[in-house]
Amino acid sequence: MAVLHFRIIEANQVIKLDRGIHSQNMTLKKVVVVKNKDQTAPAAPAVLYNYKGGVTISMDFLKGGLQMASNINADEISVPFAQDVEVSHVNYDLNFDAEDIDQNFQVSVFNYDKSAPTTQPSQPTFDTNGLTGNALMYIDLYFDYASLFDYNQY
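To convert, take the position in the sequence shown, counting from 1, and add 1; that gives the numbering used here.
So, in structure tokens, the structure goes:
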């Protein structure tokens with residue numbers, strides 16, 4: 002068994018792996034969401050970001066594969082967490098057939114229902130230094146998969 006781990010530190014980010022991964026069955030096992038514990042709003046008139054129950058993560062290697070059917074977000078992963086919790090561990094056992102994963106791939110993070118009300122954008126703020134109240138510091142995703150190498154090639 003091999004493990005794919007990557008860390009998201011921006012709302013729109015290119016993840017760079019040391020090599021690509023051939024298409025195969027993958028299992029999302031865990032998502033860890035770390036936010037700034039400061040729940041006080043920044044200077045007026047700003048307000049704390051409302052995650053609306055969590056985040057939705059879009060990864061381009063799931064797009065077009067039609068692996069996940071949903072009435073709210075196709076081929077994206079919904080990660081629920083409480084608004085006021087600093088560290089959330091969300092366990093999954095979500096199997097899907099992934100397309101080839103390029104060495105570099107795009108991820109995007111949105112609030113839970115991907116809505117963009119007039120008071121805030123649909124994409125949350127990331128602050129790896131932990132200086133912004135209620136901002137995401139990072140999101141770690143962990144996947145299990147069969148093999149890093151494609152042994153079926155001749």
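Virtual Cβ for every residue (Gly too), placed ideally from N, Cα, C. Since the model is a prediction, treat every value here as computed from it, not as a measurement.
Whole-angstrom distance between I22 and I16, CA atom to CA atom
13 Å
Quick one: Cα of K64 to Cα of E77, how far?
8 Å
F7 and D61 - do their beta-carbons sit closer together than 7 Å?
no
Rounded to the nearest angstrom, what separates L149 and L18 at their Cα positions?
Answer to the nearest angstrom: the Cα atoms are 12 Å apart.
Tell me whether L142 is buried or exposed, calling it buried when 16 or more other Cβ atoms sit within 10 Å of its Cβ.
buried
Span of the beta strand (DSSP E), counted from its first residue to its last, around F144
L137 to Y146
For I140, does the count of other Cβ atoms within 10 angstroms reach 16, so buried, or fall short, so exposed?
buried
Can you give me the Cβ contacts of A12 inside the same chain, cut-off strictly under 7 Å, excluding the 5 residues immediately before and after it?
S109, V110, Q124, P125 and F127
Below 8 Å on the Cβ atoms is my guess for M138 versus K31; work out the distance and round it to an integer in Å.
Incorrect: roughly 17 Å between the Cβ atoms, too far for contact.
Bridge partner(s) assigned by DSSP for T126
According to DSSP, T126 bridges with nothing at all.
With DSSP collapsed to three states, give me the class of A3.
strand
I want to check one thing, is the minimum distance from the CB of Q84 to the heavy atoms of the ligand ADP below 6 Å?
The ligand ADP is not among the ligands present in this structure, which contains no ligands whatsoever.
Pull the bridge partners of T57 from the DSSP assignment, please.
S79 and F111
Which residue from Y50, A70, F97 and D101 puts its Cα closest to that of N112?
Of the candidates Y50, A70, F97 and D101, the one whose C-alpha sits nearest the C-alpha of N112 is Y50.
Check whether the Cβ atoms of D145 and T28 lie closer than 7 Å to each other.
yes
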